[in-house]
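Engineer:
Number of protein chains: 2
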Amino acid sequence: MSTLGLKLRELREQAGFSLRKAAVAIDIDIAILSKMERGERKFSKELVLKLAELYKTNTDKLVIEYLSEKVLYELGEEEFGLEALKVAEKRLRYKKNNNHE
Amino acid sequence: MSTLGLKLRELREQAGFSLRKAAVAIDIDIAILSKMERGERKFSKELVLKLAELYKTNTDKLVIEYLSEKVLYELGEEEFGLEALKVAEKRLRYKKNNNHE
DNA sequence: GTATATTTGACACTATTAGTCAACACGAGA
DNA sequence: TCTCGTGTTGACTAATAGTGTCAAATATAC
Numbered sequence: 001m002s003t004l005g006l007k008l009r010e011l012r013e014q015a016g017f018s019l020r021k022a023a024v025a026i027d028i029d030i031a032i033l034s035k036m037e038r039g040e041r042k043f044s045k046e047l048v049l050k051l052a053e054l055y056k057t058n059t060d061k062l063v064i065e066y067l068s069e070k071v072l073y074e075l076g077e078e079e080f081g082l083e084a085l086k087v088a089e090k091r092l093r094y095k096k097n098n099n100h101e
Numbered sequence: 102m103s104t105l106g107l108k109l110r111e112l113r114e115q116a117g118f119s120l121r122k123a124a125v126a127i128d129i130d131i132a133i134l135s136k137m138e139r140g141e142r143k144f145s146k147e148l149v150l151k152l153a154e155l156y157k158t159n160t161d162k163l164v165i166e167y168l169s170e171k172v173l174y175e176l177g178e179e180e181f182g183l184e185a186l187k188v189a190e191k192r193l194r195y196k197k198n199n200n201h202e
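Line by line, the protein sequences are chains A and B. Just so you know, we're using the working numbering here: the first sequence kicks off at 1 and counts up by one. Just so you know, we're using the working numbering here: the second sequence kicks off at 102 and counts up by one.
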């Protein structure tokens, strides 16, 4: 199940939006938001940002959540998922330090 | 540039295969293998495994490399890439410990 | 009952990715 | 120079995945 979806649903309810109103506010179909909140469809980063703004909440954590879910989705049930994450992390650190473009 | 591509090119040359022969052996078009080795196209896991077998080399490291590249590709130039990786890692560990399906 | 909110599935549309093929460039050696 | 083996490139089509739209079904409250 999608953690990001759950969080965004909670945030929506806390902010007092119905699914319909939230969907209208960010200009998407109600069905899509419903499915996204329940993890049946993937969020786009753009929508996550729009929703964060609508609910007046901090975007960073949500973006991190969004990205990590994307990463986990890509790894699927792979046996070496953890090892791959470690390698990716190492390479990303290296890139950050040397590739200040 | 693709580390996986470079590695597989080295392995191919060490194993004494021309691009053509390797491509024929795993039943793909030469152009595809050429592009994959140079990072112009993404590898599929299936092809990585076939090539590892052809070159008689250990598959695990190559699979890990393959997965980490996939992950890094998904993260792109995201500001919070590292943070996302850490969250993903934490969640994956949790899943491994509790979700022995 | 009506009204509002959400879920579900079917469908079409678009974008992305994968596969095919032919032309091209290059160097080695006859 | 000719040609053979090697690798690169681009154009094109096919297959696949992702998105958006809509209406019907379901649920919840009044």
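We put the CB at the ideal spot given by N, CA and C, even for glycine. Every value quoted in this text rests on a predicted model; they were computed, and no experiment measured them.
State yes or no: is the beta carbon of A/S68 nearer than 7 Å to at least one beta carbon in chain B?
Structural biologist: Numbered from 1 along the first sequence, position 68 holds the residue referred to as residue 68 of chain A. Yes, contact with chain B.
Engineer: Can you give the Cα-Cα distance for A/V62 and A/A88, rounded to whole angstroms?
Structural biologist: For the purposes of this step, residue 62 of chain A is identified with residue 62 of the first sequence, where counting begins at 1. For the purposes of this step, residue 88 of chain A is identified with residue 88 of the first sequence, where counting begins at 1. Strictly speaking, residue 62 of chain A in this sequence is Leu, with Val absent from that position. So the alpha carbons of these two residues sit roughly 21 Å apart.
Engineer: Is it buried or exposed, A/E69, if we count other Cβ atoms within 10 angstroms and call 16 or more buried?
Structural biologist: By one-based count along the first sequence, residue 69 of chain A stands at place 69. Buried is the call here.
Engineer: Specify the secondary structure class of B/I165 as computed by DSSP and reduced to three states.
Structural biologist: Looking up residue 165 of chain B in the second sequence gives position 64. In the structure shown, B/I165 sits in a helix (DSSP, three-state: H, G or I).
Engineer: Can you tell me which of the three DSSP states B/E202 falls into?
Structural biologist: Start at 1 with the first residue of the second sequence, and residue 202 of chain B comes out as number 101. With a pLDDT of 46 at B/E202, under the threshold of 50, the modelled position of that residue is not reliable, and the figure given next carries that caveat. Of the three classes helix, strand and coil, the one that applies to B/E202 here is coil, per DSSP.
Engineer: Which residues in the same chain have their Cβ closer than 8 Å to the Cβ of B/E202, if we skip the five residues on either side of it in sequence?
Structural biologist: Residue 202 of chain B sits at position 101 when you count from the first residue of the second sequence. In this prediction, B/E202 scores a pLDDT of 46, lower than 50, which makes its location untrustworthy; the coordinate-derived value is nonetheless stated afterwards. Once the five neighbours on either side are set aside, B/E202 has no close Cβ partner at all.
Engineer: Can you list the residues of chain B that A/L72 reaches, using a CB-CB cut of under 8 Å?
Structural biologist: By one-based count along the first sequence, residue 72 of chain A stands at place 72. Going along chain B in sequence order, the residues near A/L72 (Cβ under 8 Å) are A189, R192 and L193.
Engineer: Which first and last residues belong to the alpha helix (DSSP H) in which A/E10 is found?
Structural biologist: In the first sequence, the residue the question calls residue 10 of chain A occupies position 10. Unbroken alpha helix (DSSP H) run through A/E10: T3 to Q14.
Engineer: Below 8 Å on the Cβ atoms is my contact criterion, and I expect B/K157 with B/A116 to pass it. Report the Cβ-Cβ distance as a whole number of Å.
Structural biologist: Reading the second sequence from its first residue, position 56 is the one you call residue 157 of chain B. Reading the second sequence from its first residue, position 15 is the one you call residue 116 of chain B. That pair is a contact at about 7 Å.
Engineer: Between A/S2 and the rest of its own chain, which residues show a CB-CB distance below 7 Å, the 5 nearest in sequence each way excluded?
Structural biologist: One-based indexing of the first sequence puts residue 2 of chain A at position 2. Closer than 7 Å at Cβ, skipping near neighbours: G39 and E69.
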